[in-house]
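Q: First residue of the sequence shown? That's 19 in the working numbering, and the numbers climb one at a time after it.
No residue lacks a Cβ here, since even glycine has one placed at the ideal position from N, Cα and C.
On a predicted model such as this, the values are computed, not experimentally measured, just so you know.
The structure's right below; bear with me while I get my questions together.
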Amino acid sequence: MEAAWWKGRIVKAQVFYPFQKPQGDAGAAAGTRFRDIWIPAMVALAVLFVVLMARRNWMRQRADRAGAFHIALASFLLHAVAWAGRFHPVASSDVLDLFTGAVAEWLLGAAILWFAYLALEPEVRARWPHSIVTWNRVLAGNWLDAQVGSHILIGAAVGSASWVFFKAVTIFFFKTNEPSNWDVSLGYLLGARHWIGAHANNANNALGTGIFVFLTIFGMRQLLRNPILAALAAAAIFALAQGEVTGPDWWLIGLLYGSVIAGLIFVLLRCGLLATISAVFFLDAINGMALGTDWNAWYVPASLATLLLLIGIATFAFWRSLGGRELIETG
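Set out below in structure tokens:
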């Protein structure tokens, strides 16, 4: 186990399981080479096509410029809140340099989503219009729409089920008796500021994941000419890109990630972008909870706050999905 402290508090910890130790396994080496060589190459190629598609849509006035601006602005603000949550202020002029560098990162992240949405939205509108119906309602400010609530609720259920499936498989099939949660983040547990920042980072990650999964499926569909094969290829790419796909059990870990990602892609294609963003947010947020039998432990308040947040979102979405109807209608 590796851990880091700052002013007497744990700020980072990572548990290394036996299957994560470097082994001379050809499959693991191939997975590492895929991540280190092919993934950056594919990203660079995708960036080129995104810029060209965005320029074409902009010149032909097909792009949703207002929607792209709103997404970029949301990404910028979420980046800022996330940074404020994990930043450690010190009495030094170097803080200004750190802030300037952080603002540059926020602008870059916002610009990437801006370009991606300009390139993607017209293609999605032409081929999968049902997948962005509720998303467009959210961009238009119709947060209380019944279908918006139902898609958030569907995403919450899929994200929660994916987490349960992931944990069940890792506990029962890997060579350890400990909870196999090597992705847990302690950023939620260090105080209210860190908790807010961690969830802002989750929301920004969910927003970007939904859009880039759409972009990957579109690219694969153009190459393979089949939506099912495109979805499977996208799931395989995202699974192999995970850093945990290594060691002698790399194929099993890759299959596990591929199954979860394939489920998210299925939700995306069936229900749309909003449900996928909701699923990713719930999946990441649940993975930040640390609850046990000791209810006086230092990590319990933040974990309970996360649990109440997710229950509150799901309850509100369920209430809005009713569309003003009674929960139990009488004859």
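1) Using a Cβ-Cβ cut-off of 6 Å (strictly less than) and excluding sequence neighbours within five positions of residue 196, which residues of its own chain qualify?
2) Once the 5 residues before and after residue 13 are set aside, which same chain residues still bring their CB inside 7 Å of it?
3) Are there 16 or more other CB atoms within 10 angstroms of the CB of residue 167, so buried, or fewer, so exposed?
4) Count Cβ pairs between the stretch 61-75 and the stretch 132-142 that sit closer than 8 Å; are there 3 or more?
5) Where does residue 316 sit, in a helix, a strand or coil, going by DSSP?
6) Quick test of your reading: residue 149 and residue 286, contact by CB under 8 Å. State the CB separation rounded to the nearest angstrom.
7) Measuring alpha carbon to alpha carbon, tell me which of 62, 83, 339, 98 ends up nearest residue 220.
8) When DSSP builds the beta bridges, which residues end up paired with residue 32?
9) Could you please give the first and the last residue of the uninterrupted alpha helix (DSSP H) stretch that includes residue 223?
10) State the DSSP-derived secondary structure class of residue 41, mapped to helix, strand or coil.
11) When we look at the beta-carbon of residue 302 and count the other beta-carbons within 10 Å, is it buried (16 or more) or exposed?
12) Would residue 323 pass as a contact of residue 174 if the rule is Cβ separation under 8 Å?
13) Give every residue of the same chain whose Cβ lies closer than 8 Å to the Cβ of residue 344, excluding the five residues on either side of it in the sequence, and list them in chain order.
14) Please report how far the alpha carbon of residue 312 lies from the alpha carbon of residue 58, in whole angstroms.
15) In this structure, does DSSP put residue 27 in helix, strand or coil?
16) Give the DSSP-derived three-state secondary structure of residue 337 in the structure shown.
17) Identify, in the order they occur along the chain, each residue of the same chain with its Cβ nearer than 8 Å to the Cβ of residue 160, setting aside the five sequence neighbours on each side.
A: So, from the listed chains and residues:
1) Low local confidence applies: a pLDDT of 42 at residue 196 is under 50, so the model's placement there is unreliable, and no value is given.
2) Residue 13 cannot be examined here, being either before or after the span of the chain that is shown, 19 to 349.
3) buried
4) yes
5) coil
6) 7 Å
7) 98
8) 20
9) 210-242
10) Here the model assigns residue 41 a pLDDT of 49, short of 50, so the residue's position is not dependable and the matter cannot be decided.
11) buried
12) no
13) none
14) 44 Å
15) strand
16) helix
17) 166
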